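Following: one structure in structure tokens, then a few remarks.
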Amino acid sequence: MDLTAQIIDAITAWLQTVATALTTAAFGAVGQLIFSTPALDQIPEVQATWSLVQAIANSLFGLAILAAGILVMASGTVESRYSAKLLVTRLALAAIGANASLALTGALIRLDNALVTGLLGADPAAATVSELADIIQSAHPVNQYVTILVALWAAFLALFLVALYIGRDLALLLATVAAPLALATYALPQTDEIARLWLRAFLALLFVQVVQAVLVLIGLQLLRRTDWLGGAASDLISGLMLIALLYLLFKLPFAAFNWAFRQTVHQVPLVQPLVVAARITRGSL
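Going by numbering that gives the first Met the number 0, the sequence shown opens with residue 0, and the numbers climb by one from there.
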């Protein structure tokens, strides 16, 4: 064997090792994050911060009730009393929601985890992620170049998915802490859209995990049985199907964001400067 072939084989073996290591690490991280949501209501720091926000919300409720009472006594009209009844009803619902929000968010998180476990089994990380990784790592040696490219591509998508889920868990934590103030805004018709927005955002962030679990379940069934493709799938087709699955898992949270906020990520005021900066940087390269 000549020197050129030896160098090519050495580089190929090194790339294969790198691809295997990246795939194992990336898919392991995906398994830890994508199939379970932390019990945020059980974290002492979250409980302490939530209690502080709850106290602020309850202070605002006291001021609102005092203002409503003064308004009714000052005017004394039937219309003002009717408006006061509606306001008191809203205040009661908002107060119950604000003070029970930590228990509510904890119950929803447990429901989300139970749904994912019901779909994928008691240990979805071990059962599903290892199977997805084996699809790449068990490819035929003849197609090692295709295997390396597909493995690297899948590993990078998995790492992006991990970063996205870290952001998703942080957003859930902030939503849990801010829940008393967010739900307190339901007390007034002029501000109740904030409470509705919080509810949509929390549900979208949380239960997108269930939709992703369904997608993983369907994807695994398609990868296990390739009869729908007309026969046994090649390594390339199986790898591309896995990449398509990872891409859809990555895009689903953005679709949930669009549903919750009724706008795309690029339209959010805080994100727009980042988008402009990225375009300028890309244009200068």
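Quick reminder that beta carbons are idealized off the backbone N, C-alpha and C, glycines included. Fair warning: this is a prediction, and the values are worked out from it, not measured in the lab.
Q | First through last residue of the alpha helix (DSSP H) which encompasses A102 | A | S100 to L119
Q. Thinking just about the alpha-carbon of each residue, which of A24, P43 and N57 is nearest to the one in L182?
A. N57
Q | Cβ-Cβ separation, A200 to F26 (assumed contact under 8 Å), whole Å | A | Contact flag wrong, Cβ pair sits at about 29 Å.
**Q.** Which of helix, strand or coil DSSP assigns to A170
**A.** helix
Q | Integer-rounded CB distance, given that L151 should sit under 8 Å from V210 | A | Their Cβ separation, rounded to whole angstroms, is 27 Å, which puts V210 and L151 out of contact at 8 Å.
(Q) By the three-class DSSP mapping on this structure, what secondary structure does I193 have? (A) helix
Q: Indicate whether M249 and L160 have their beta-carbon atoms separated by less than 8 Å.
A: Note that residue 249 is Phe in the sequence shown, not Met. In contact: F249 and L160 (Cβ atoms closer than 8 Å).
Q) If you draw a straight line from the C-alpha of V45 to the C-alpha of V213, how long is it? A) 30 Å
Q) If A54 and L90 are in contact, beta carbons under 8 Å, what's the gap, nearest whole angstrom? A) Not really, about 17 Å apart at Cβ, beyond 8 Å.
Q) Are G105 and D168 close, meaning C-beta to C-beta below 8 Å? A) no
Q) If you draw a straight line from the C-alpha of D191 to the C-alpha of A259, how long is it? A) 15 Å
Q. Out of curiosity, what's the CA-to-CA distance linking L205 and T36?
A. 8 Å
Q: Please state if the CB of W49 and the CB of T184 are separated by a distance shorter than 8 Å.
A: no
Q | Nearest-angstrom Cα separation, counted from Q15 out to A38 | A | 38 Å
Q: Indicate whether A186 and A124 have their beta-carbon atoms separated by less than 8 Å.
A: no
Q.
Considering only their Cβ atoms, is the gap separating A97 from P43 smaller than 8 Å?
A. no
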